[in-house]
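Student: Residue numbers (numbering that gives the first Met the number 0), protein chains in the order written: chain A, 0 to 436; chain B, 0 to 456. Think of the CB as a built atom: it goes at the ideal place given N, C-alpha and C, for glycine as much as any other residue. These numbers come from a predicted model, not from an experiment.
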Amino acid sequence: MKRLQIGIENTKLANGLHVVVAPDSAAPVVTVGIYYKIGFRLEPQGRSGFAHLFEHMMFQGSENAPKMQHIKLVNSSGGVLNGSTSYDVTNYYEAVPSNALERVLWLEADRMRALKVDDENLKNQRDVVKEEVRVNVMNQPYGGFPWLDMPPVAFRNWANAHNFYGDFADLDAADLTDVQAFFKTYYVPNNAVLLMLGDVKADEGIALAKKYFADIPAGAPPPFADPSEPEQKEERRGHVEEKFGTLPAIAIGYVMPPRRTTDWCAMALLDQALHGGRAGRMHRELVLEKQIAVDAGGGIDDLFGYNGPTQMTTRVMHKPEYSSEATLEAFDAVIREIRENGISADELEQLKVKWRSDYFATLEGGRGGYMPKFGLMHLLACFTLFDNEPQLVNTILDGFIAVTREEIQAAAKKYLRNEKRAIVFRTPVKANAKEAA
Amino acid sequence: MATSAVEVAVGVPALSSERAVTWPKRTRARLSNGLEVILAEAHSIPKFHGELFFRSGNAAVAGRAPGLAEMTATVVRTGTAKRASRQIEEDLRRIGADLSSGAGADTSAISFAGLSEFAEPLLGLVNELAREASFPNGEFERERRQKLEEVKLERTQPGFLASERLRKVLFGAHPYGQVSPSEEQVAAYKREDLQTVYREFYTPENGILLLVGDFDSNEMLKSAEKVFGNWAGKKPDSKPSAAPANPRGRRVYLVHVPGAVQTQILAGCHAITRKHPDWVKLGLTNSLYGGAFNSRLVMNIREDKGYTYSPRSGVSAMRQHGYFSVSAAVRNDVVAASLTEIFYEMDKLRSVPVPEPELADAQNYLSGVFSIGLATQDGLLSQLSTVALNELPDDYLETYRQRVRALTPQDLLATARKYLDSANMQIVVVGDRAQIGEQAALFGEVEIYDGQGARLS
């Protein structure tokens with residue numbers, strides 16, 4: 000079995016900032032990322048959507064790089080940039096020709112040191128975010144299904160159950176005081192990791208990190224609300240109207256085991272068995288063989304990137320001539336089969352080869368070919384912030400390759416239970432889209 | 000921006016000297032059966048990516064049925080003389096591979112990626128799909144039903160409705176004018192029609208095999224010869240369709256979606272193909288206008304005015320024709336305001352030369368981003384595909400940056416005047432007519448359609 004050994008250097012500056020460098024001089028390109036350990040899960044109550052709105056504000060100006068300058072300086076260096084907010088982390092990243100590395104570090108340090116934004120910036124980005132929500136959720140068929148539909152049904156702790164994109168009233172209520180308080184609390188060097196991947200030498204990268212970041216003062220250790228859930232003991236169901244689409248859709252989510260346990264590795268392979276493309280049992284049974292559904296897929300959302308309660312979720316869009324109960328029964332038959340009979344040695348071997356292949360692709364993986372090593376960056380960041388162990392990228396695969404048939408079946412029996420799941424029915428309000436306009 | 004004086008950053012580190020961009024050597028061969036093979040090594044991960052292209056797509060058979068090449072490609076992966084659908088999927092998983100098949104306007108393709116250690120079995124399966132697809136009747140019926148649901152779903156997506164209408168307006172009866180089949184057309188697909196398309200299109204003389212990844216090119220070429228060498232087949236006859244009329248004068252096409260909480264704007268005009276000598280000029284002009292985050296349009300209607308999250312402009316090139324377009328999903332009450340800015344920025348580029356520093360920034364952007372494709376196997380593959388399919392010169396990748404950097408403000412002014420054809424833009428707005436009808440009418444005569452494509456007024 001071919002392995003991949005990625006050279007990694009990491010250190011921690013006196014102010015608590017983690018620094019990770021993964022040199023690779025194959026192309027004259029470097030990817031830079033900063034991850035802050037705060038996502039939408041632990042944003043302030045009464046301020047749903049704030050972590051994401053705040054992410055937008057980080058592009059609105061800092062002490063020495065006023066509004067527009069951040070984007071302009073990266074683009075005009077021949078690079079691309081973006082940021083994203085997820086459950087437990089928020090990231091900012093750039094891919095640039097390697098001669099722009101110092102410039103990018105300067106920009107990231109400047110906005111870590113002092114965000115400089117005003118009411119006009121906030122109003123502007125609040126408007127932009129509302130259009131983002133409209134284009135992705137409110138004006139799209141199946142928008143937000145199931146990532147926004149599932150949490151309020153599945154979870155009881157506000158941290159896990161609220162609207163992560165934000166209720167518009169909450170977005171409207173956010174003011175500059177909130178922005179600066181959030182920045183001061185969570186955007187401190189001791190709550191972040193800086194990553195450099197690609198065309199940079201390890202010692203050079205670490206020296207540059209010190210040059211630009213060492214004088215940023217550490218903050219108080221950020222407070223984190225407890226995201227844990229009361230134990231789930233009953234199946235939960237919820238209903239959401241589908242305004243545009245004509246097919247009924249169902250999402251079924253099962254509670255996931257804690258990270259980096261044997262059960263977690265087994266669930267990842269179970270996920271591959273159930274949702275691994277057209278060979279996956281869900282697609283095979285529901286779409287190809289029984290032909291109840293036109294689409295059946297899903298999985299664990301960001302296996303390496305969550306740090307609190309989450310689920311493995313199946314999404315099924317089924318033909319209108321089948322009832323949702325009949326569809327659910329067909330789904331249940333797939334779950335029953337794997338719980339009762341486990342999987343064969345041959346299937347397990349296939350799953351592991353595919354898993355390894357997918358893992359390599361994740362590490363190299365760009366975003367549309369334009370953000371090289373995005374996946375490696377993401378894993379290094381999460382293993383640093385959650386585990387303080389970036390080297391896990393080189394060893395984590397072993398745990399998955401070691402999973403046995405017995406462990407798979409045991410995990411299926413323990414986790415794929417009705418009392419551990421939540422179901423969302425997304426039901427079209429119109430039976431036929433061909434209504435008169 | 001109108002709101003404040005331009006502020007600059009203070010203390011920005013200068014760029015250090017640039018490392019040379021070296022594109023990997025390409026190994027090219029033409030097998031005795033006519034199949035063109037292009038290989039490039041990229042050792043970032045122990046995998047490889049490939050595409051088997053055929054130079055014929057939906058446009059070539061639009062006269063028989065729209066989307067027929069796409070449907071053919073979809074069914075190709077569902078069975079061969081040797082393997083049933085389930086076997087194909089499990090065999091792919093067994094070697095850690097992903098595979099998809101599809102067709103665009105001008106090409107059909109089998110795309111794949113897998114572990115280098117299993118390169119030969121993967122090529123073997125691709126070969127089998129390209130030569131021995133059996134079009135099982137049950138699979139055909141199932142895929143046709145799924146396609147039916149897919150075309151219904153498309154009609155609920157504002158982005159689809161906008162692009163469908165724009166393509167109809169720009170290309171009329173030309174095959175490029177139809178982006179997707181109707182439900183009735185899908186229902187009328189016949190298995191035999193797919194098999195005919197398959198026999199005509201999927202031949203070595205019509206094909207290009209591209210492979211990029213962690214392998215030795217000489218060894219890989221030998222494998223390709225071994226696997227594909229004894230395949231035979233001619234290039235299909237093809238005759239280009241009559242050129243579409245270029246619509247003159249601004250007109251507005253409103254696709255009415257009752258209750259829409261946002262309006263999708265898409266405006267476009269005829270432009271050029273990838274082979275056209277002005278391609279790089281138009282690419283740079285587009286990048287300044289709305290093709291980059293730092294572009295004028297994004298700064299204006301997103302970062303200054305907050306009308307939209309997702310403004311964008313681009314040049315879409317098919318083999319025979321291309322078009323320039325600009326899009327934004329905006330708040331319902333700022334449709335007219337957004338269109339005003341869209342045209343303002345276009346007209347400004349058409350009348351005032353771009354300041355040198357802004358030009359330099361855009362040149363750096365375009366040449367830098369071009370090279371980022373080097374760093375991943377699929378990024379490199381996509382660059383090589385573009386060169387091969389458009390029959391661009393061999394040194395296209397190597398000379399692209401210098402051609403971008405040689406352009407002047409006068410070149411861009413001339414390019415904008417030629418291709419950002421503001422006076423003849425065809426404007427599509429997808430939204431609720433009660434909320435946006437009056438705003439839309441400010442920009443030209445309005446035709447109104449429903450989501451099914453029927454003219455309402």
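Could you say which of B:Ala112, B:Ser370 and B:Phe117 lies nearest to Tyr399 (chain B) if we only look at CA atoms?
Tutor: Reading the second sequence from its first residue, position 400 is the one you call residue 399 (chain B). Minimum Cα distance to Tyr399 (chain B) is reached at B:Ser370.
Student: Checking contacts by CB at 8 Å: is Gly398 (chain A) closer than that to chain B?
Tutor: Taking the first residue of the first sequence as 1, we reach residue 398 (chain A) at position 399. It does not; no Cβ of chain B falls within 8 Å.
Student: When the cut-off is 8 Å and only beta carbons count, does Glu69 (chain B) lie next to chain A?
Tutor: Numbered from its first residue, the second sequence carries residue 69 (chain B) at position 70. Not closer than 8 Å to any Cβ of chain A, the Cβ of Glu69 (chain B) fails to qualify, so no.
Student: Take the Cβ of Leu170 (chain A) as the centre, count every other Cβ of all protein chains shown within 10 Å, and call the residue buried at 16 or more, exposed below.
Tutor: Position 171 of the first sequence, counted from the first residue, corresponds to residue 170 (chain A). Result: buried.
Student: Given that Tyr369 (chain A) touches chain B, what residues does it touch there, using C-beta distances under 8 Å?
Tutor: Looking up residue 369 (chain A) in the first sequence gives position 370. Val368, Ile371, Gly372 and Gly378, listed in chain order.
Student: My output table needs one value for Asn9 (chain A): the three-state DSSP class, helix, strand or coil.
Tutor: Within the first sequence, numbered from 1, the residue matching residue 9 (chain A) stands at position 10. Three-state result, Asn9 (chain A): strand.
Student: Closer than 8 Å between beta carbons: that is the criterion. Which residues of the segment 415-430 of chain B meet it against chain A?
Tutor: Result list empty, no residue passes.
Student: Please identify the residue among B:Gln451, B:Arg318, B:Ala223 and B:Phe323 whose C-alpha is closest to the C-alpha of Ser237 (chain B).
Tutor: Residue mapping note: residue 237 (chain B) aligns to position 238 of the second sequence, counting from 1. Cα-wise, what sits closest to Ser237 (chain B) is B:Arg318.
Student: Drop a sphere of 10 angstroms on the beta-carbon of Val428 (chain A), count the other beta-carbons inside from all chains shown, and report buried for 16 or more, exposed for fewer.
Tutor: As a first step, residue 428 (chain A) is located in the first sequence; it is residue number 429 there, counting from the start. By the neighbour-count rule (16 or more Cβ atoms within 10 Å), Val428 (chain A) is not buried but exposed.
Student: With 8 Å set as the bound, which would you pick, yes or no: does the beta-carbon of Asp215 (chain B) sit closer than that to a beta-carbon of chain A?
Tutor: To locate residue 215 (chain B), count along the second sequence from 1; it is residue 216. Not closer than 8 Å to any Cβ of chain A, the Cβ of Asp215 (chain B) fails to qualify, so no.
Student: Taking C-beta pairs closer than 8 Å, name the residues in chain A that Val329 (chain B) reaches, listed in chain order.
Tutor: The count along the second sequence starts at 1 and reaches residue 329 (chain B) at position 330. Near Val329 (chain B) (Cβ distances below 8 Å), the residues of chain A are Glu130.
Student: Going residue by residue through the segment 83-160 of chain B, where are the continuous beta strand (DSSP E) segments of at least 3 residues, counting only ones entirely within it?
Tutor: Segments of the beta strand (DSSP E) lying fully in the segment 83-160 of chain B: 97-102 and 107-114.
Student: Extract the residue ranges of the alpha helix (DSSP H) inside the segment 64-92 of chain A, only unbroken runs of 4 or more that lie entirely within it.
Tutor: Listed in chain order, they are 68-74.
Student: Which class does Leu194 (chain B) belong to by DSSP, given the choice of helix, strand or coil?
Tutor: Stepping through the second sequence from its first residue, residue 194 (chain B) is reached at position 195. Residue 194 (chain B) is actually Gln in this sequence, not Leu. The answer is helix: DSSP assigns Gln194 (chain B) an H, G or I state.
Student: DSSP three-state label for Met316 (chain A), please.
Tutor: On the first sequence, residue 316 (chain A) is found 317 positions in, with the first residue counted as 1. In the structure shown, Met316 (chain A) sits in a strand (DSSP, three-state: E or B).
Student: Using a Cβ-Cβ distance cut-off of 8 Å, determine whether Trp437 (chain A) contacts chain B.
Tutor: Lying before the first or after the last residue shown, residue 437 (chain A) is absent from chain A, which here runs from 0 to 436.
Student: Excluding the five sequence neighbours on either side, which residues of its own chain have a C-beta within less than 6 Å of the C-beta of Met0 (chain B), listed in chain order?
Tutor: Sequence index remark: in the second sequence, residue 0 (chain B) carries index 1 (1-based). Confidence is the limiting factor: at Met0 (chain B) the pLDDT is only 39, short of 50, which leaves the residue's position unreliable, though a coordinate-based value still follows. Excluding residues within five positions, the ones whose Cβ falls inside 6 Å are Asp303.
Student: Using only CA atoms, which one of A:Ile251, A:Arg125 and A:Leu246 lies nearest to Glu234 (chain A)?
Tutor: Taking the first residue of the first sequence as position 1, residue 234 (chain A) is located at position 235. The shortest Cα separation from Glu234 (chain A) among A:Ile251, A:Arg125 and A:Leu246 belongs to A:Ile251.
Student: Under 7 Å Cβ-Cβ, which residues of chain A neighbour Lys145 (chain B)?
Tutor: Position 146 of the second sequence, counted from the first residue, corresponds to residue 145 (chain B). Strictly speaking, residue 145 (chain B) in this sequence is Gln, with Lys absent from that position. Val293, listed in chain order.
Student: Is the segment 21-31 of chain B in contact with the segment 282-297 of chain A, if contact means three or more CB pairs nearer than 8 Å?
Tutor: Verdict: no, contact absent.
Student: Based on DSSP bridge pairs, tell me the residues matched to Val423 (chain A).
Tutor: Numbered from 1 along the first sequence, position 424 holds the residue referred to as residue 423 (chain A). Answer is A:Gly237 and A:Ala250, bridged to Val423 (chain A).
Student: Which residue wins for smallest C-alpha separation from Glu418 (chain A), given the options A:Leu391, A:Ala153, A:Met57 and A:Asp174?
Tutor: As a working mapping, residue 418 (chain A) is identified with position 419 in the first sequence. Of A:Leu391, A:Ala153, A:Met57 and A:Asp174, the residue nearest in Cα terms is A:Ala153.
Student: Determine the direct distance from the alpha carbon of Leu209 (chain B) to that of Gln121 (chain B), and round the result to whole angstroms.
Tutor: If you number the second sequence from 1, residue 121 (chain B) lands on position 122. If you number the second sequence from 1, residue 209 (chain B) lands on position 210. For clarity, residue 121 (chain B) is Leu in the given sequence; the question names Gln instead. The straight-line gap from Cα to Cα measures roughly 14 Å.
Student: Exposed or buried, what is His42 (chain B) when buried is set at 16 or more other beta-carbons lying within 10 Å of its beta-carbon?
Tutor: For the purposes of this step, residue 42 (chain B) is identified with residue 43 of the second sequence, where counting begins at 1. His42 (chain B) comes out exposed.
Student: For Ala440 (chain B) and Tyr252 (chain B), what's the separation of their Cα atoms in angstroms?
Tutor: The residue you call residue 440 (chain B) lines up with position 441 of the second sequence. The residue you call residue 252 (chain B) lines up with position 253 of the second sequence. Spanning the two alpha carbons is a distance of roughly 10 Å.
Student: Would Pro246 (chain B) and Asn423 (chain B) qualify as a contact pair, given that the criterion is a beta-carbon distance under 8 Å?
Tutor: Looking up residue 246 (chain B) in the second sequence gives position 247. Looking up residue 423 (chain B) in the second sequence gives position 424. Yes, the pair counts as a contact, with Cβ atoms nearer than the cut-off.
Student: Please compile the residues from chain A whose C-beta is within a distance smaller than 7 Å of the C-beta of Ile37 (chain B).
Tutor: Start at 1 with the first residue of the second sequence, and residue 37 (chain B) comes out as number 38. Here the premise fails: no neighbours, minimum Cβ distance about 18 Å.
Student: In whole angstroms, what is the alpha-carbon distance linking Leu411 (chain B) and Ile33 (chain A)?
Tutor: Taking the second sequence and counting its residues from 1, the one referred to as residue 411 (chain B) is at position 412. Taking the first sequence and counting its residues from 1, the one referred to as residue 33 (chain A) is at position 34. The straight-line gap from Cα to Cα measures roughly 37 Å.
Student: In angstroms with no decimal places, state the Cα-to-Cα distance between Pro151 (chain A) and Ala160 (chain A).
Tutor: Locating residue 151 (chain A) in the first sequence gives position 152, counting from the first residue. Locating residue 160 (chain A) in the first sequence gives position 161, counting from the first residue. Distance between the alpha carbons of Pro151 (chain A) and Ala160 (chain A): 4 Å.
Student: Check for me: the alpha helix (DSSP H) holding His51 (chain A) runs from which residue to which?
Tutor: Taking the first sequence and counting its residues from 1, the one referred to as residue 51 (chain A) is at position 52. Phe49 to Met56 is the span of the alpha helix (DSSP H), which, as asked, contains His51 (chain A).
Student: Please report the straight-line C-alpha distance between Asn14 (chain A) and Ala108 (chain A), rounded to a whole angstrom.
Tutor: Locating residue 14 (chain A) in the first sequence gives position 15, where the first residue counts as 1. Locating residue 108 (chain A) in the first sequence gives position 109, where the first residue counts as 1. Each residue's alpha carbon lies about 13 Å from the other.
Student: Where Ser24 (chain A) and Leu196 (chain A) are concerned, what is the direct C-alpha to C-alpha distance, given to the nearest angstrom?
Tutor: Counted from its first residue, the first sequence places residue 24 (chain A) at position 25. Counted from its first residue, the first sequence places residue 196 (chain A) at position 197. One C-alpha to the other measures close to 9 Å.
Student: Measure the Cβ-Cβ separation of Gly296 (chain A) and Arg283 (chain A) and say whether it is below 8 Å.
Tutor: The residue you call residue 296 (chain A) lines up with position 297 of the first sequence. The residue you call residue 283 (chain A) lines up with position 284 of the first sequence. For Gly296 (chain A) and Arg283 (chain A), no; Cβs fall outside 8 Å.
Student: Among the candidates B:Lys146, B:Val254 and B:Arg249, whose CA atom is the shortest distance from the CA of Asp449 (chain B)?
Tutor: The count along the second sequence starts at 1 and reaches residue 449 (chain B) at position 450. Here the closest residue by C-alpha is B:Val254.
Student: Fully enclosed by the segment 329-374 of chain B, which alpha helix (DSSP H) runs are 4 residues long or longer?
Tutor: Taking only runs of at least 4 residues, the alpha helix (DSSP H) segments lying wholly in the segment 329-374 of chain B are 334-350 and 355-371.
Student: Ends of the alpha helix (DSSP H) at Thr385 (chain B)?
Tutor: Taking the first residue of the second sequence as position 1, residue 385 (chain B) is located at position 386. It spans Gln376 to Leu388 - the alpha helix (DSSP H) in which Thr385 (chain B) sits, taken as one unbroken run.
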